[in-house]
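Asker: In my numbering, the protein residues as written are 45 to 466. Glycine is no exception: its CB is placed at the ideal position from the N, C-alpha and C atoms. Here the structure is a predicted model, which is why all the values come from computation and not from measurement. This is the structure, below, for whatever I ask next.
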């Protein structure tokens, strides 16, 4: 904090450090009602051993107060048994607290359990499985296809553990769904929408990639996801901001998504450098290609509108072994080039802080997270360019600024300088 505190708010710095290193909990014996990890699409755990995935951990925590007088900071929980960040119960104060090694950091609040998460659809499916909410209840996450066909061709993204997460979850949770039905999605959304404690404002419709030349039950990727979009928007149009995460598609297919009700289009480019893209995202490179992927992102602006194309990248994989850059500055310069290209074209890229899950290709190679210095420099570069091109706060991500941000898997929303933050 001494090194970077004059550059960014402490909330953003600590959040990135916790996300990159994970967190561990001493036994949770005094907390009954919290929203537990739903493993909605990836494990988002550095450790995925059986003793981890069979235990109940919160989906997210909020860190506040403490030695830096932190405003409420919402952080996705990534379990790492060797993390220096430990959550402990302070019996004297009757509360949970966070330590970094032996140093007290702040007070911990667990993500609240919503009433709808405990309910079931008429078919008997758990709402937590079908339509879990994250980002402190802001976002309904609809992962309707929890397998990715890139894995079948051994061309999955090297940082991804989607298919192994499904296999592991299925071992311990027999009701964990690989492919969800439209009826269950509609019913679960109805339960959420009618619940008094629901604060959801957006939904993300997503899942694994469907390769068009192979299809899934005769469907192309667009065929598959459009049916869900149409059903949701026909029933609940205007209830939630609609976001769709799929591969990069041509204008004809993008128009189908738009006509079906998609408001924000995410197609994740993952990493900017061409050599890294080809090596880390071999399926995307093979079936679409980096240059075509980038072109389709920019072309999507004419269909969805300025600032409504928001591709993700996995921040930190630029430094992964064996393909990555050797220096932090080289990684930042490369990613900064991509950020500037997109932002200058009215695209607002966002990022997820890389979680080196052990069952991903990069995890199996023994990779650990990128240094904190990288994430500080990335936040500064992102906001420098966002300001340079006079871009708005991206829609569909909730509030921005310290004490307000709800986006939990990186600190780019926390780092906004917003007046009158709580």
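Looking only at DSSP bridge pairs, what is residue 287 linked to?
Answerer: Answer is 248 and 308.
Asker: Please classify residue 111 as buried or exposed, where buried requires at least 16 other C-beta atoms within 10 Å of its C-beta.
Answerer: Residue 111 is exposed by the Cβ-count criterion.
Asker: Between which two residues does the alpha helix (DSSP H) containing residue 172 stretch?
Answerer: Unbroken alpha helix (DSSP H) run through residue 172: 171–174.
Asker: Using 8 Å as the threshold, is the C-beta distance between residue 280 and residue 237 below it?
Answerer: Yes, they are a contact pair.
Asker: Measure from the alpha carbon of residue 285 to the alpha carbon of each residue in 58, 71 and 244, then state which is nearest.
Answerer: Comparing Cα-Cα distances from residue 285 to each of 58, 71 and 244, the minimum goes to 244.
Asker: Would you please state the rounded distance, in angstroms, between the beta carbons of residue 101 and residue 121? I believe it to be under 8 Å.
Answerer: Contact holds; Cβ gap of about 6 Å.
Asker: Let me know if residue 98 comes out buried or exposed under the rule of 16 or more other beta-carbons within 10 Å of its beta-carbon.
Answerer: Per the 10 Å Cβ criterion, exposed.
Asker: With DSSP run on the structure shown, which of helix, strand or coil describes residue 199?
Answerer: Looking at residue 199 - three-state DSSP - the assignment turns out to be coil, as it is neither helix nor strand.
Asker: For the alpha helix (DSSP H) containing residue 213, name the first residue and the last one.
Answerer: Looking at the DSSP string, the run of the alpha helix (DSSP H) that includes residue 213 is 206–216.
Asker: Should residue 258 go down as buried or exposed, given a rule of 16 or more other Cβ atoms within 10 Å for buried?
Answerer: Flag for residue 258 reads exposed.
Asker: Less than 8 Å between C-beta atoms, sequence neighbours within five positions excluded: which residues of the same chain meet that for residue 395?
Answerer: Here the set comprises 356, 357, 358, 359, 422, 426, 454 and 456.
Asker: Less than 8 Å separating the beta-carbons of residue 361 and residue 315?
Answerer: Yes, Cβ-Cβ distance for residue 361 and residue 315 is below 8 Å.
Asker: Would you mind reading off the limits of the alpha helix (DSSP H) that contains residue 56?
Answerer: Here the alpha helix (DSSP H) through residue 56 covers 54–65.
Asker: What residues in its chain sit with their C-beta under 8 Å from that of residue 368, if we drop five residues either side in the sequence?
Answerer: Answer for residue 368: 320, 361, 362 and 375, listed in chain order.
Asker: Taking the alpha helix (DSSP H) that residue 319 belongs to, which residues open and close that run?
Answerer: Counting along the chain, the alpha helix (DSSP H) containing residue 319 begins and ends at 318–324.
Asker: Should residue 169 go down as buried or exposed, given a rule of 16 or more other Cβ atoms within 10 Å for buried?
Answerer: That one is buried.
Asker: Nearest by alpha-carbon distance to residue 405: which of 104, 149, 289 and 200 is it?
Answerer: With distances taken between Cα atoms, residue 405 lies closest to 200.
Asker: Using the rule of at least 16 other Cβ atoms within 10 Å of the residue's Cβ for burial, across every protein chain shown, is residue 55 buried or exposed?
Answerer: The residue is buried, with at least 16 neighbouring Cβ atoms inside 10 Å.
Asker: Under the three-state reduction of DSSP, which class applies to residue 267: helix, strand or coil?
Answerer: Three-state result, residue 267: helix.
Asker: Measuring straight from C-alpha to C-alpha, what distance separates residue 57 and residue 48?
Answerer: Their backbone Cα atoms lie some 8 Å apart in a straight line.
Asker: On a Cα-Cα basis, can you pick out the residue from 180, 87 and 247 that is closest to residue 208?
Answerer: That would be 87, whose Cα lies nearest to the Cα of residue 208.
Asker: Are there three or more Cβ pairs, one per stretch, closer than 8 Å when the segment 169–179 is compared with the segment 215–232?
Answerer: Yes, the segment 169–179 touches the segment 215–232.
Asker: Nearest to residue 403 by CA position, among 210, 220 and 300, is which residue?
Answerer: When each option's Cα is compared against that of residue 403, the closest is 210.
Asker: In whole angstroms, what separates the C-alpha of residue 192 from that of residue 134?
Answerer: Answer to the nearest angstrom: the Cα atoms are 43 Å apart.
Asker: Alpha carbons only, please: which of 385, 119 and 458 is nearest the one belonging to residue 452?
Answerer: Closest by alpha carbon: 119.
Asker: Measuring CB to CB, does residue 140 end up less than 8 Å from residue 149?
Answerer: Against a cut-off of 8 Å, the Cβ pair of residue 149 and residue 140 comes out as no contact.
Asker: Alpha carbon to alpha carbon, how far is residue 464 from residue 440?
Answerer: Residue placement at residue 464 is flagged as unreliable, the pLDDT there being 43, under the threshold of 50; a coordinate-derived value is accordingly withheld.
Asker: Can you list, in chain order, the residues of its chain whose CB lies under 7 Å from that of residue 345, leaving out five sequence neighbours each side?
Answerer: 353, 389, 390 and 391, listed in sequence order.
Asker: Could you pull the DSSP bridge partners for residue 395 from this structure?
Answerer: Note: residue 395 sits in a beta bridge opposite 357.
Asker: If residue 157 and residue 78 are in contact, beta carbons under 8 Å, what's the gap, nearest whole angstrom?
Answerer: Their Cβ separation, rounded to whole angstroms, is 6 Å, which keeps residue 157 and residue 78 in contact under 8 Å.
Asker: Taking DSSP's pairing of strands, which residues face residue 193 in a bridge?
Answerer: In the DSSP output, where bridge partners are listed per residue, residue 193 has none listed.
Asker: Enumerate in chain order the residues of its own chain whose CB-to-CB distance from residue 68 is below 8 Å, with the five nearest sequence positions on each side excluded.
Answerer: For residue 68, where only same-chain residues beyond five positions count, the Cβ hits under 8 Å are 123, 124, 125, 126, 127, 129, 130 and 131.
Asker: Would you identify the three-state DSSP class for residue 419, choosing helix, strand or coil?
Answerer: Three-state DSSP puts residue 419 in a helix.
Asker: Out of 342, 460 and 194, which has the shortest C-alpha to C-alpha gap to residue 255?
Answerer: Nearest of 342, 460 and 194 to residue 255, Cα basis: 194.
Asker: Provide the residue span of the alpha helix (DSSP H) that contains residue 90, from first to last.
Answerer: No alpha helix (DSSP H) holds residue 90; DSSP gives it neither H nor E.
Asker: With burial defined as no fewer than 16 other Cβ atoms inside 10 Å of the residue's Cβ, what is the status of residue 431: buried or exposed?
Answerer: Its Cβ having fewer than 16 others within 10 Å, residue 431 is exposed.
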